[in-house]
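The next block holds one structure in the form of structure tokens; read it before the comments.
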Amino acid sequence: MEKIAMLGGGSWATALTKILSENGARVGWWLRSKDDVQHLRSTRHNPRYLSSVAHDLTRVFPSTDLEEVVREADWLVLAVPAAFVQAVLDKLDRDALRNKRIISAIKGMIPGKNVLVTDYVAERFRVPHTQIGVVAGPCHAEEVAFEKQSYLTIGSPDSVLAEDFCRLLRNRYVKANPAQDLDGIEYFSVMKNIIALTAGIAHGLGYGDNFQAVLVSNAIQEMRRFVHALNPQPRDLSGSAYLGDLLVTAYSQFSRNRAFGNMVGRGYSVKSAQLEMNMIAEGYYAVKSIYELNRKLMVPMPITSAAYHILYEKISPAVELELLKEKFR
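Shown next as structure tokens:
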């Protein structure tokens, strides 16, 4: 039986716990809230996210003891929002992950440091990137809970690690495939949230499907330019880990980044939108990280720049989208 430590109490952590435990793994599940742990232990349901999912408590073990959950596991799966992952990981000893295989299910970067989660883990815990992987692909947690057909990609420079974690995920409604492009997949996972957020702003302003299609087609070019500047290598960007993830996040009713952007486009302040959602829109933090990284690279990134001006410089969304639309072809 594979022993897995799941860190995070959100919808994606809940969905992954469901998949992994139903496939026979033992999942030690760390949640910050004692009340949530107690609720899970007594009812088998996460009270806050995907509450319809019933967990098998002979395989799922909720706990607030971070060190114990990590110590007992062979695998560590990170599913904490990027804005909080450093605070969680910094509670662990620097040698705590030495013999672990680590999977990041976080589609964001470390705010302030502007580094990928996998890079932070490698540096903080002195582990090689061959010990680390990332989960990507067009796979909303809500659809996993409903057991809708879903596809995932596990990116890692270690093909054995990637394939091993794929086997832990595969079932009748989840297909998983390995890939070796760790950095490219992770950067795309971060950036597609920025695009979805901007698409939501456009929708909130009344732009239609025609504009959104052009926005997404220009976005894939922007993402290609940026990732190639950071980590040039051949990539098939039509794959599900790239284009597929972008499309589902930009268009889906379950996309929290699109929902967040939609509220901003309709006139909500950033703070009021965050309060109303009561969920983390990773794109808000990603915009700042990618924009600041690009100050050195100077890659043409009109969509990211527009989102940054709206969210962090408080430029009118209507004005910024008027300027942006003139840059599209």
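Here the working numbering runs 16 ahead of the position in the sequence shown, where the first position is 1. Note that the Cβ used here is the ideal one computed from N, Cα and C, for glycine as well.
Three-state secondary structure (DSSP) of residue i
i, result
"N193", "strand"
"T80", "coil"
"S172", "coil"
"K19", "strand"
"L92", "strand"
"Y328", "helix"
"V69", "coil"
"V43", "strand"
"S49", "coil"
Euclidean distance between Cα positions of residue i and residue j
i, j, result
"V43", "V76", "5 Å"
"L32", "D261", "17 Å"
"D180", "Q237", "32 Å"
"R272", "M295", "8 Å"
"R183", "K191", "9 Å"
"L221", "G283", "9 Å"
"Q228", "I210", "14 Å"
"L47", "E342", "46 Å"
"V335", "F100", "32 Å"
"H219", "R274", "9 Å"
"D52", "W28", "16 Å"
"L337", "L313", "24 Å"
"L327", "D199", "26 Å"
"D174", "R241", "26 Å"
"R57", "P63", "11 Å"
"E83", "I148", "19 Å"
"H325", "L339", "11 Å"
"S321", "T74", "49 Å"
"R87", "R110", "13 Å"
"W91", "G224", "44 Å"
"A103", "S268", "30 Å"
"L105", "L66", "25 Å"
"W352", "A257", "The chain is shown from 17 up to 345; residue 352 falls before or after that span and cannot be answered."
"K107", "Y136", "14 Å"
"N39", "E292", "35 Å"
"Y346", "A152", "With the chain running from 17 to 345 in the structure shown, residue 346 is simply not present."
"E329", "L132", "24 Å"
"N278", "N115", "43 Å"
"Q290", "I118", "30 Å"
"S254", "A70", "35 Å"
"F26", "S79", "Strictly speaking, residue 26 in this sequence is Gly, with Phe absent from that position. For G26 and S79, the distance between alpha carbons rounds to 14 Å."
"A8", "M17", "Since the first and last residues shown for the chain are 17 and 345, residue 8 lies out of range."
"M239", "N130", "17 Å"
"K208", "D252", "16 Å"
"Y301", "T30", "22 Å"
"S68", "R311", "44 Å"
Residue j beta carbon less than 7 Å from that of residue i
i, j, result
"L213", "A323", "yes"
"M125", "V243", "no"
"I319", "A235", "yes"
"L23", "L94", "yes"
"T169", "N187", "no"
"V96", "A21", "no"
"V150", "T134", "yes"
"P333", "V264", "no"
"G171", "A138", "no"
"S37", "D81", "no"
"Y189", "Q165", "yes"
"F344", "V232", "no"
"A121", "K19", "no"
"I35", "L185", "yes"
"I217", "G281", "yes"
"F270", "E158", "yes"
Would you say the stretch 234-253 touches the stretch 144-151, given that touching needs at least three Cβ pairs under 8 Å? no
Residue ranges of each alpha helix (DSSP H) run of no fewer than 4 residues wholly in the stretch 98-158, ordered along the chain? Listed in chain order, they are 98-105, 133-141.
Curious, which full-length alpha helix (DSSP H) runs of at least 4 residues does the stretch 182-254 contain? 198-220, 225-246
Are the stretch 120-135 and the stretch 296-311 touching by the rule of at least three beta carbon pairs closer than 8 Å? A contact exists between the stretch 120-135 and the stretch 296-311.
Report the start-end ranges of each alpha helix (DSSP H) in the stretch 248-298 that is 4 residues or longer and not cut off at the edges. 261-267, 272-281, 286-293
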